[in-house]
Amino acid sequence: MDNNKEKKGSKPDYKKVKSSFYFNHIWMSVTVVITIITAFILENPLHKYIILLETAISTISSTIYYLLTNTIQKSQNESIDIDWKKITILRYNGWVFSTPLMLIAFLLFLSATTKIKVTIPTIITIILLDWAMLLFGYLGEINYIDRMSALVTGFIPFFIMFGIIYNTFLQNKYVFFNYLIFALFLIFWGLYGVGYVLELEPRNYLMNLLDLLSKSGIGILFSIYFLSQ
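Reading the sequence shown from the start, the letters are residues 36 to 264 in my numbering.
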């Protein structure tokens, strides 16, 4: 079954769909302001750098959601079906840049709180696994491989990636906040797999929510943590 096609005879609720995307654009923009202010306040160079990475993540995401909102608006203006294929491509374009930054920020945060050095080979390995996960997902989206096969194979680099992070930073050094952030990453990113098998409209609503929580939410949590130190 091709989950990238709208059901025939169904008319998209432009206002509802557009509102979901536009809300993400606005809130990501708010997060950019919050993280920039936080970066100016912080004195520790590493903490400041991590928050600036979060600023970059939210900036990329805000831009992508602006483009997504415009895509939906164009469909509404022309009274045609929402171009979900274009929306999917825009999402993956954003994820290719934002998710490596999210992981680098996470690795640096874990390094800052555990005093365990993060190495360049570790960063490169994590980024390559992340891109492999995205590649499998995208191949399923464009029906190059079966969608369920893409889901299963995509989870292989996902678990390897988080296994490396756990073994490197969490296994031998207990810091409650680190375990909390790790759990949030694992849950939020894992739920993208649930969204992957849903029909188009609910899939996009769920992914919008997960983008909000995993990008803006984590960035704000990092800001609160550093400001409280």
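Think of the CB as a built atom: it goes at the ideal place given N, C-alpha and C, for glycine as much as any other residue.
- With 16 or more other Cβ atoms from the protein chains shown falling within 10 Å of its own Cβ, Glu-176 counts as buried.
- Per the coordinates, the alpha-carbon of Ser-146 lies some 18 Å from the alpha-carbon of Ile-259.
- In the structure shown, Asp-246 adopts helical secondary structure according to DSSP, grouped into three states.
- Look at the beta carbons and you see the stretch 86-94 not touching the stretch 105-122: under three pairs across the two are nearer than 8 Å.
- The DSSP-derived three-state label of Lys-152 is coil.
- In the DSSP assignment, Ser-263 falls outside any alpha helix (DSSP H) and carries neither an H nor an E.
- Closest in C-alpha terms to Leu-235, from the list Lys-121, Ala-74, Thr-70, comes Lys-121.
- With contact defined as three or more Cβ pairs closer than 8 Å, the stretch 228-242 and the stretch 69-89 are not in contact.
- Ranked by how close their Cα comes to the Cα of Trp-62, the residues Lys-250, Phe-144, Thr-73, Ile-162 have Lys-250 in first place.
- The straight-line gap separating the alpha-carbon atoms of Phe-58 and Val-52 is approximately 10 Å.
- Between the stretch 112-131 and the stretch 182-197 there are fewer than three inter-stretch CB-CB distances shorter than 8 Å, so the stretches are not counted as touching.
- Taken through DSSP and simplified to helix, strand or coil, Ile-69 comes out as helix.
- Sequence-distant partners of Leu-174 (beyond 5 residues in either direction) whose C-beta falls short of 7 Å from its own C-beta, in its chain, are Ile-180, Ala-185.
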